[in-house]
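Here the structure is laid out as structure tokens; the discussion comes afterwards.
Numbering (the UniProt record's numbering), first residue to last: 1 to 515.
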């Protein structure tokens, strides 16, 4: 058999009979089926099948595969497919470029991701490719994901120079700067004032991101008289005698009323040089002028943005309706006092603002963490005025306040009444309370409850009981330090607990819940 005959035979072997050949639609369905089953390798193998069958993939098939690998952050595979796509003469679409940027954003390997992002930017420059606003937003997100905030701002400026400066691009920047805990709030203020200058109206998404920045990030080295946007003098932070402080105003202002607010609410100002806290009666205008914004307020930072009512009025002026997330974020930002929470709740009721069960759960948790347990239970009444019923999370946060055995029993009875089984979080919280208050009876009741209801205890529960056992054993060993009557009762209770605890451990040892 000569060479020509061999090639012809091989060709005939590779060509499937028509009835066995896949159609284009079948190839696409096969890829989508593998992708739905999360089997990316089988989806990729379809390209090999196509090659063996002498069929050619088109741009859509490459788009499907690149998008799937991008979600996994497999940046190398994405760019291999991108290379093949170009070798076949296809012109990449904006969607393809967005997927490649998304792959870089999702990649766990920062060095590799940044290398490919640089490659993409060079490719755009050389090929004179005009990016869309969605492309720019994706590129910004990718750089932000790898904490390249300054590069992200450079790209936004590039987009602005090309007349592309949209709400999506600004939202991408907002999302990124929140990751910068030290300087995030400074960057957010810069973005806010750039939006105003560009006459771009903020959306609810921007407002919620701003509130997250106020809650989670700091001002960096920002201080009074600094200019937020260098080329815009109207963004200089000023100190004036009248009105209310508001860094979102144009120009952004702090006012002398801030001093009285600080005194009224008994807040403190940090003195950076001495690393001490300066008492409020010595604070005046000159003190505030010399401080960085980070050091003016250690809590209730919302005062610097006009307070709750002014911020909500600003949203109304921008035709933005606060959503559930907005109200929950604001709750996180108001002072941790019953008075402030009640005023805020009245404002919500008066203005018919939207709230959900998460709001009430957070309010309960705030009060429990401040040990205002009775005030926490009163939130249930407020919940009922909105025709809402407590959920498992509600009972979880209420459990924080059940420091006494009778309260813990009552909580579990309420759960039983509504036929809701307590989860490991609720029981773990109750058991923590029992151990931290050194209440043998409470701990034994919960241990028995777990056995009776066939609930799998978590490792945290066992850890708390072990710690409780060690602490009480130490007390018993040092009995001479305690009054005779008191130590006798402790020893009696501890001996009873120890016997039952060892027996309990034996019964649950094979059912420990690993979290």
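Note that beta-carbon positions come from the ideal geometry of N, C-alpha and C, so glycine has one too.
{"Item": "CA nearest to the CA of residue 379, picked from 183, 338 and 99", "Value": "338"}
{"Item": "Neighbourhood of residue 457 by C-beta distance below 6 Å, restricted to the same chain and skipping five residues each side", "Value": "450 and 508"}
{"Item": "Residue 225 classed as buried or exposed, judged by whether at least 16 other C-beta atoms fall within 10 angstroms", "Value": "exposed"}
{"Item": "For residue 416 and residue 133, the rounded distance between their alpha carbons", "Value": "54 Å"}
{"Item": "Residue 238, DSSP secondary structure in three states", "Value": "strand"}
{"Item": "Cut-off 6 Å between Cβ atoms - residues of its own chain near residue 367, not counting five sequence neighbours on either side", "Value": "375 and 376"}
{"Item": "Cβ contact (3+ pairs, closer than 8 Å) linking the stretch 354-362 and the stretch 223-243", "Value": "no"}
{"Item": "Collapsed DSSP secondary structure at residue 28 in the structure displayed", "Value": "helix"}
{"Item": "C-alpha distance - residue 333 paired with residue 489, whole-angstrom precision", "Value": "46 Å"}
{"Item": "Rounded distance between the beta-carbons of residue 26 and residue 204, thought under 8 Å", "Value": "The Cβ separation is near 44 Å, so there is no contact."}
{"Item": "For residue 452 and residue 187, the rounded distance between their alpha carbons", "Value": "55 Å"}
{"Item": "DSSP state of residue 349 mapped onto helix, strand, coil", "Value": "helix"}
{"Item": "Pair within 9 Å by beta-carbon distance, residue 522 and residue 335", "Value": "Here the chain covers residues 1 to 515 and nothing more, so residue 522 does not appear."}
{"Item": "Alpha-carbon spacing of residue 232 relative to residue 251, whole angstroms", "Value": "10 Å"}
{"Item": "The stretch 403-416 contacting the stretch 463-481, beta-carbon criterion three pairs below 8 Å", "Value": "no"}
{"Item": "Residue 274 versus residue 189 - alpha carbon distance", "Value": "With a pLDDT of 42 at residue 274, under the threshold of 50, the predicted position of this residue should be treated as unreliable, though the coordinate-derived value follows. If I take the Cα positions, the gap works out to 28 Å."}
{"Item": "Length of the line joining the Cα atoms of residue 511 and residue 462", "Value": "12 Å"}
{"Item": "CA-to-CA distance, residue 323 to residue 493, given in whole angstroms", "Value": "52 Å"}
{"Item": "Residue from 109, 406 and 420 with nearest C-alpha to residue 393", "Value": "420"}
{"Item": "Rounded C-alpha distance that separates residue 76 from residue 41", "Value": "14 Å"}
{"Item": "Nearest candidate by alpha-carbon position, reference residue 234, set 193, 213 and 499", "Value": "193"}
{"Item": "Residue 172 beta carbon less than 9 Å from that of residue 137", "Value": "yes"}
{"Item": "Residue 253 - partner residues in DSSP beta bridges", "Value": "238 and 246"}
{"Item": "N- and C-terminal bounds of the alpha helix (DSSP H) containing residue 182", "Value": "Unbroken run through residue 182: none, as it is neither H nor E."}
{"Item": "Sequence-distant residues of the same chain with beta carbon closer than 8 Å to residue 123, five excluded per side", "Value": "129"}
{"Item": "Bridge partner(s) assigned by DSSP for residue 374", "Value": "In DSSP, residue 374 forms no bridge with anything."}
{"Item": "Start-to-end residues for the alpha helix (DSSP H) that takes in residue 112", "Value": "110-126"}
{"Item": "Three CB pairs or more closer than 8 Å across the stretch 82-94 and the stretch 57-68", "Value": "yes"}
{"Item": "Coil, strand or helix - residue 395 by DSSP", "Value": "helix"}
{"Item": "Opposing strand residues paired with residue 513 [DSSP bridges]", "Value": "458"}
{"Item": "Distance CB(residue 131)-CB(residue 97) smaller than 9 Å", "Value": "yes"}
{"Item": "Cβ pair residue 170, residue 206 closer than 9 Å", "Value": "yes"}
{"Item": "Residues near residue 215 in its chain [Cβ-Cβ closer than 7 Å; skip 5 each side]", "Value": "329, 332 and 333"}
{"Item": "CB contact flag (residue 312, residue 364, <9 Å)", "Value": "no"}
{"Item": "Test item: CB-CB of residue 426 and residue 390 under 9 Å", "Value": "no"}
{"Item": "N- and C-terminal bounds of the alpha helix (DSSP H) containing residue 484", "Value": "484-508"}
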